[in-house]
Structure formats: structure tokens, C-alpha cells
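If you count by our numbering, then the sequence shown holds residues 51 to 206, one letter each, in order.
First comes the structure, then the notes that go with it.
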Amino acid sequence: MEVTVKKMNRFLMFKLPSAFLCGVKLKDLDNEKAVVTVTYKWINQNPFRSMYFAVQSMAAELSTGALVIKKIQECGKPISMLVTNHNGKFTKKAVGKIRFICKDGNLINRALKQTIETGEGQTIVMKSIGLNEYDEQVSVYEFEWSVKLKSSKKKH
51 MEVTVKKMNR FLMFKLPSAF LCGVKLKDLD NEKAVVTVTY KWINQNPFRS
101 MYFAVQSMAA ELSTGALVIK KIQECGKPIS MLVTNHNGKF TKKAVGKIRF
151 ICKDGNLINR ALKQTIETGE GQTIVMKSIG LNEYDEQVSV YEFEWSVKLK
201 SSKKKH
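Printed below as a string of C-alpha cells:
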């Protein structure tokens with residue numbers, strides 16, 4: 051199955067409804083980058099009249115995770131993925147339409163190749179930058195993803 055923007059947004063609606071309800075949407079996905087948008091509104095606000103940090107985290111995670119999902123699907127091997135760590139830094143109030151951009155597609159290629167060749171899990175730290183409508187940074191996130199081959203042993 052090819053991973054597309056439309057399919058990922060449908061996935062979001064059914065498997066991550068809180069992100070969907072808060073307005074998180076994948077806008078662009080290719081081999082090197084993913085772009086996710088979310089617009090500040092009543093449902094995703096904090097008491098300080100800006101976007102709640104957890105909504106920013108969901109959007110930033112999707113920008114990294116969509117790339118990981120796409121690359122795993124393309125490699126054709128049974129590989130699991132999991133966020134093992136993340137951190138965020140907030141530099142400006144997030145109001146209006148915020149874009150989260152991850153350009154780390156190349157990092158995933160190396161990690162998947164390594165885990166397939168060695169059978170050992172790999173970690174990748176991917177960055178997502180949140181920009182407002184004026185291209186000012188509002189936040190920056192780093193997500194540590196773990197990828198590893200799924201065990202062929204069946205559990206009884």
C-alpha cells in the first residue's frame with residue numbers, strides 16, 4: 051500500500067481522533083520531508099490565548115512519524131516503530147496557522163538499512179520545526195524513533 055497524504059489523514063481520523071479533532075492535518079509528504087498544519091482555534095487553545103503544547107506535539111510527531119511510516123512501507127520488511135523520547139522548545143506564541151516541517155527522510159533510510167542488515171534495532175532523532183504564517187519559529191521538537199525488525203516468532 052502506498053502511503054499518501056489522503057490515506058494518512060484518513061488514518062488520523064480513525065486511529066488518532068484527538069489529533070483529527072484538534073485540526074492536525076498532513077499537507078505534504080515526499081521522500082525527504084513532511085509538512086503538517088494545525089490552526090489555532092477554540093478546541094486547541096490554552097489559557098494564555100495560544101495553541102496548547104500537546105496539540106503542537108501531536109502535529110510535530112506526525113511530521114516525523116509520517117516519514118517513518120512511508121519509509122517502512124516502501125522497504126517492504128516487517129518493521130516496528132516507536133517513539134522512545136521527545137522534547138520540545140517553545141520560542142513564540144503559536145497562533146494562526148502553524149506548519150510543522152520535518153526534513154529528515156534521509157536519516158530513516160540509513161536506520162532501516164542498518165536494522166535490516168544487522169537485525170538490531172536502531173534509533174533516529176528527527177527534528178520538526180513549527181513555523182507561523184510569517185515563517186517565524188514558534189517551537190522546535192526532537193523525536194527519538196526506534197525501529198526494529200518484527201520477531202518472526204509467534205506467541206502462544
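Every residue gets a Cβ at the ideal spot worked out from N, C-alpha and C, and that includes glycine.
When you compare the CB positions of residue i and residue j, do they come within less than 8 Å of one another, or not?
{"i": "L162", "j": "V133", "result": "no"}
{"i": "G138", "j": "Q106", "result": "yes"}
{"i": "L157", "j": "I174", "result": "yes"}
Could you check how far apart the C-beta atoms of residue i and residue j are, in whole angstroms? I think they sit under 8 Å.
{"i": "G146", "j": "E183", "result": "5 Å"}
{"i": "T87", "j": "M176", "result": "The Cβ separation is near 18 Å, so there is no contact."}
{"i": "L76", "j": "L112", "result": "6 Å"}
{"i": "S178", "j": "C152", "result": "4 Å"}
Starting from the Cα of residue i, find the closest Cα among the options and give me that residue.
{"i": "M85", "options": "K91, M108, I166, L71", "result": "Note on identity: in this sequence residue 85 is Val, with Met being the wrong assignment. Measuring from the Cα of V85, the nearest candidate turns out to be M108."}
{"i": "E52", "options": "A69, K83, K120", "result": "K120"}
{"i": "V188", "options": "A110, M131, I129, E194", "result": "A110"}
{"i": "S201", "options": "Q123, N59, V118, G169", "result": "G169"}
{"i": "K142", "options": "T54, E82, V190", "result": "V190"}
So, helix, strand or coil for residue i, using DSSP?
{"i": "A144", "result": "coil"}
{"i": "L207", "result": "An answer regarding residue 207 cannot be provided, because it is not within the stretch 51 to 206 covered by the chain."}
{"i": "L132", "result": "strand"}
{"i": "L66", "result": "coil"}
{"i": "F103", "result": "helix"}
{"i": "K120", "result": "helix"}
{"i": "F150", "result": "strand"}
{"i": "K163", "result": "helix"}
Count the C-beta pairs between the region 57-67 and the region 88-103 that are closer than 8 Å, then say yes if the count reaches three, no if not.
-> By the Cβ test, the region 57-67 is not in contact with the region 88-103, since fewer than three Cβ pairs between them sit closer than 8 Å.
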